[in-house]
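Following: one structure in structure tokens, then a few remarks.
There are 2 protein chains.
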Amino acid sequence: MKSNDVIAIFSQNMKELRVQKGLTQEELSFKAGIHRNYISDTERGRRNVSLKAVEKIAAGLGVTIQELFNNSTITK
Amino acid sequence: MKSNDVIAIFSQNMKELRVQKGLTQEELSFKAGIHRNYISDTERGRRNVSLKAVEKIAAGLGVTIQELFNNSTITK
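Okay, here's the thing in structure tokens:
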């Protein structure tokens, strides 16, 4: 696993789950209690997110933390 | 899930997996490329670990990231 892979997997899963739930970044921002810019940067893989932020994102999305690390959707 | 729960689950799983693998904190430190004090603090739940550090710890332990978030061992 390369150094950016966990960030790539996390950000991709986060975006996919958000879209699946029919949430905009702004709605997720509100639910998670995280600034919209942080949500946007994280989905672009530009943040080395901390565990507390991971937890807030999972809670905002209504998913488990493990779902955010599920890499089965990464085919490359 | 309370604000410190993800840190508590992560740190407990990390310690359990390290002991299962028969590794000392110093050995894990070497394998993960993370300072021993950071390993020690993390196992005590004193660090809000980042994704990159989570990845290094998983690689050092030879486990998946999801195993580090498995909460089935938390019974309370």
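Sequences listed follow chains A and B, in order. Its first residue numbered 1, the first sequence is counted upward by one per residue in full-length UniProt numbering. Its first residue numbered 1, the second sequence is counted upward by one per residue in full-length UniProt numbering. The C-beta atom is built at its ideal place from N, Cα and C for all residues, glycine as well.
- Judged by DSSP secondary structure, B/Arg18 falls within the alpha helix (DSSP H) whose first and last residues are Asp5 to Gln20.
- A distance below 8 Å separates the beta carbons of B/Lys21 and B/Gly62.
- A contact between stretches requires three or more CB pairs, one per stretch, nearer than 8 Å, and the segment 43 to 53 of chain B meets this requirement with the segment 5 to 19 of chain B.
- In this structure, the straight-line span from the alpha carbon of B/Ser40 to that of A/Ser50 is close to 18 Å.
- The alpha helix (DSSP H) runs lying completely inside the UniProt domain "HTH cro/C1-type" (14 to 68) of chain A and spanning 4 residues or more are 25 to 32, 36 to 43, 51 to 61 and 65 to 68, given in chain order.
- For A/Arg36, same chain residues with a beta-carbon under 8 Å away, outside a window of 5 residues either side, are Gln25, Glu26 and Ser29 in chain order.
- Using a Cβ distance threshold of 8 Å, A/Val6 and B/Ile57 do not count as a contacting pair.
- Taking the Cα positions, B/Gly33 is about 36 Å away from A/Lys31.
- Residue burial annotation: B/Val19 is exposed, with fewer than 16 other C-beta atoms found within 10 angstroms of its C-beta.
- Taken in chain order, the members of the UniProt domain "HTH cro/C1-type" (14 to 68) of chain B whose beta-carbon sits within less than 7 Å of a beta-carbon on chain A are Asn48, Val49, Ser50, Leu51, Lys52, Val54, Glu55, Ala59, Ile65 and Gln66.
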